[in-house]
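Each remark here refers to the structure printed beneath this line.
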Amino acid sequence: MDSDRLRIGSIELTSRLIVGTGKFKDFAETRRVIEATGAEMVTVAVRRVNILDRASENLLDYLDPKRYRILPNTAGCYTAEEAIRTARLARAAGVGDLVKLEVIGDQRTLFPDVEALLAAARILVKEGFVVLPYTTDDPIVAKKLEDLGCAAVMPMASPIGSGLGIRNPYNLQIILETVKVPVIVDAGVGTASDAAVAMELGCSGVLMNTAIAGAKDPFLMAEAMRDAVRAGRLAYRAGRIPKKLYATASSPLDHLIE
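Quick note: the sequence shown, position 242, residue 1288 per our numbering, numbers continuous.
Written out as structure tokens, the structure is:
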């Protein structure tokens, strides 16, 4: 598995699980749980978590930059202008050019505003950002984001924090056939089987936060998600047997002893 790396632009990761840093009880728990996931990339909401003021207690003090790739995100932005400004702030603070681009269109569902997302992605790519956009599971939108130069596409499995799992695996399959950049399922994962299904479909990775942070035992769920992503990837690479309506004997039927 070490040679089967997730490649996003020039970035290479051994783990295909990306985790969020919100909703944990404190920074110390955040660090311990992330360690249990085996993740190498973590996403941080620039507008909600203090990473810009290095003079006060800071999440980045708990995450070793030599161990983790920090993925700042524009969560909480409702316009393209807000998202662009937030990405620029993160880069100015020294976090880097990588950004998970979110432009929310509705406060109740937290669905992406696709029109604003495309507008923001276009500008940020031109400014040299490595853009990973949170989007709907619409193959047409995914292709447009790829054509703009986004380094990956991150379609939602279901609404953020819902835990509903993958509601439309067929759209994900079409996206996988449509784009060449990595497809990373983002939002809606509830338990380990959801993560495994995403990987078995052929997705390049899974991003999650609430499924781990909101579990009764976040540490156990972190381990479960780590193993599920790995198992799903292995199953995808192995190639599952075709589904059949009728049984097929597992032992040969010729040369039977009579």
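Using N, Cα and C, we set each Cβ at its ideal position, and we do this for glycine too.
Does the beta-carbon of residue i have 16 or more other beta-carbons within 10 angstroms, so that it is buried, or is it exposed?
i, result
"G1174", "exposed"
"T1060", "exposed"
"R1154", "exposed"
"G1234", "buried"
"G1140", "exposed"
"P1002", "Examination of residue 1002 is not possible in this model, given that the chain is present from 1047 through 1304 alone."
"T1294", "exposed"
"Y1114", "buried"
"E1223", "exposed"
"E1086", "buried"
"A1129", "buried"
"T1170", "The question names Thr, but residue 1170 is Leu in the sequence shown. Buried."
"A1244", "buried"
"L1253", "buried"
Which same chain residues end up closer than 6 Å to residue i when comparing Cβ atoms and leaving out the 5 residues on each side of it in sequence?
i, result
"A1307", "Limits of the chain in this structure are 1047 at one end and 1304 at the other, which puts residue 1307 out of reach."
"G1055", "V1176 and A1197"
"G1142", "none"
"R1168", "L1194"
"A1165", "A1126"
"G1248", "L1222 and Y1282"
I'd like to check one pair, residue j with residue i: are the Cβ atoms closer than 8 Å?
i, j, result
"T1256", "G1207", "yes"
"V1088", "T1120", "no"
"P1179", "V1199", "yes"
"A1259", "A1082", "no"
"G1251", "I1080", "no"
"R1279", "R1062", "yes"
"V1225", "K1262", "no"
"L1163", "L1147", "yes"
"I1150", "P1185", "no"
"V1160", "T1181", "yes"
"V991", "A1203", "The displayed coordinates of the chain run from 1047 to 1304. Any statement about residue 991 would go beyond what the structure contains."
"L1156", "P1205", "yes"
"R1213", "G1084", "no"
"I1057", "V1090", "no"
In chain order, what residues of the same chain have a beta carbon less than 7 Å from the beta carbon of residue i, not counting five sequence neighbours either side?
i, result
"R1077", "Y1108 and L1109"
"A1270", "A1238"
"V1227", "E1192, C1196, A1197, A1198 and V1199"
"R1137", "D1143"
"T1219", "A quick correction: the sequence has Gln, not Thr, at residue 1219. These residues qualify, in order along the chain: L1247."
Can you tell me where the alpha helix (DSSP H) holding residue i begins and where it ends?
i, result
"Y1216", "P1215 to T1224"
"L1247", "A1238 to L1247"
"Y1282", "P1264 to A1284"
"V1252", "It is not in any alpha helix (DSSP H) - V1252 instead sits in the beta strand (DSSP E) that spans G1251 to M1254."
"A1167", "V1160 to K1172"
"V1187", "P1185 to L1194"
"V1079", "F1073 to T1083"
Would you kindly report the start and end of the unbroken beta strand (DSSP E) that includes residue i?
i, result
"R1131", "Premise fails: R1131 lies in the alpha helix (DSSP H), A1126 to A1138, not in any beta strand (DSSP E)."
"A1121", "Careful: A1121 lies outside any beta strand (DSSP E) and carries neither H nor E."
"R1062", "Note, R1062: premise wrong, no beta strand (DSSP E); not H, not E."
"K1146", "L1144 to L1147"
"T1053", "For the sequence presented, residue 1053 should be read as Arg rather than Thr. It spans L1052 to I1054 - the beta strand (DSSP E) in which R1053 sits, taken as one unbroken run."
"I1230", "I1230 to D1232"
"L1178", "V1176 to T1181"
"A1091", "M1087 to A1091"
Counting only the same chain and skipping the five closest in sequence on each side, list residues whose C-beta sits under 8 Å from that of residue i.
i, result
"G1236", "S1208, G1209, L1210, G1211 and A1257"
"F1073", "E1103, L1105, D1107 and Y1108"
"K1069", "N1255, T1256, A1259 and G1260"
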